[in-house]
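Read through the structure below, which is laid out as structure tokens, and then see the notes.
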Amino acid sequence: MSRRRVERTYLMDEDGAMAQMQMDGHTNQQPREVALDDIAAAMAGCRLCTLGDTRTNIVFGSGNAHARVMLIGEAPGRNEDETGSPFVGAAGSKLDGFLERAGLSRDGVYIANVLKCRPPSNRDPKPQEITACAPYLREQIRSIWPDAIVCLGNFASQFVLRTGKGVTALRGRLHQAGHFVVAPTYHPSATIYHPDWADLIVEDLGLVRAWLDEHPQDDKSMRKEGLS
Ligand code: SF4
């Protein structure tokens, strides 16, 4: 069986992506060693950036803690801020539909955002906010240790792939960042203004679905064979 080609990048630490835990007291743990509940407890009441002063709830993330696929969005919106859950409301419904069309399910993935607190009026995240919040996301990724990461939008794509390129230039193919296969795609909310992007999101999610099918979970050689 021919293997899907993956664009190889070294924008994260090669083979040691996020090799060190970033939060105080969490150094040198192995992947999946720290439970998500422990990370959530560590960030309770966080005020590391000013978003902590205006949020209603921290939106930590939700889903399958052992998922092979982790989706990363940008930041909580109003519905997320009110409920404390990611991708609820209209954006969540859109995402659920895209996942279903691609042969993935919400129950089988884990979803988190780059920022855990809502920026006022849903403005873009500021660099200092991303820097302040990054340790939590890195810890989540290391706790779940998925095979594939889907980056929803520019901020998640640039964070994970450590690039200044926009998602339009990055999407449409798989990237390899350390341990992870990475699929950048548009944020579901963007389809409100660009309805034609819905099919592109499904197409990008479909790349992940196909990659998973080609690389069963117990196939330890998968990451090397798929590389271009
Ligand atoms: S956005 Fe992140 S760093 Fe800023 S207050 Fe919220 S949890 Fe803390």
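With our numbering, the residue at position 208 of the sequence shown is 1520, and numbering never jumps.
Ideal placement from N, C-alpha and C gives every residue a C-beta, glycine not left out.
Assigned with DSSP and collapsed to three states, residue 1488 falls in strand. By alpha-carbon distance to residue 1398, the top candidate from 1501, 1347 and 1454 is 1501.
Judged by the Cβ position, residue 1428 qualifies as a neighbour of ligand 1 at the 6 Å threshold, a heavy atom of the ligand being closer than this. Among the bridge pairs identified by DSSP, residue 1463 is matched with 1384 and 1496. With a threshold of 6 Å, the Cβ atom of residue 1463 does not count as near ligand 1, since no heavy atom of the ligand is closer than that. Ranked by Cα distance from residue 1360, the first of 1499, 1447 and 1451 is 1447. Counting along the chain, the unbroken alpha helix (DSSP H) around residue 1391 starts and ends at 1390-1395. Secondary-structure assignment with DSSP links residue 1421 through a beta bridge to 1381.
Per the Cβ contact rule, the segment 1461-1471 is not in contact with the segment 1357-1375 (fewer than 3 Cβ pairs under 8 Å). In the three-state DSSP reduction, residue 1404 falls in the helix class (H, G or I). Judged by their CB atoms, residue 1521 and residue 1458 are not nearer to each other than the 7 Å cut-off. Assigned with DSSP and collapsed to three states, residue 1373 falls in coil, not helix or strand.
A check of alpha carbon separations from residue 1441 across 1454, 1456, 1425 and 1452 identifies 1425 as the nearest. By the Cβ neighbour-count rule, residue 1453 is buried, with 16 or more other Cβ atoms within 10 Å of its own. Straight across, the Cα-Cα distance linking residue 1516 with residue 1475 is about 19 Å.
In the three-state scheme derived from DSSP, where H, G and I count as helix and E and B as strand, residue 1431 is classed as coil. In this structure, residue 1444 has its beta carbon less than 6 Å from a heavy atom of ligand 1. Distances from the CA of residue 1390 to each of 1375, 1370 and 1408 were compared; the closest alpha carbon is that of 1370. Comparing C-alpha distances from residue 1485 to each of 1471, 1504, 1518 and 1499 shows the shortest one belongs to 1518. Per DSSP, the unbroken alpha helix (DSSP H) holding residue 1442 starts and ends at 1439-1456. Separation of residue 1342 and residue 1472 (C-alpha to C-alpha, rounded to the nearest whole angstrom) is 19 Å.
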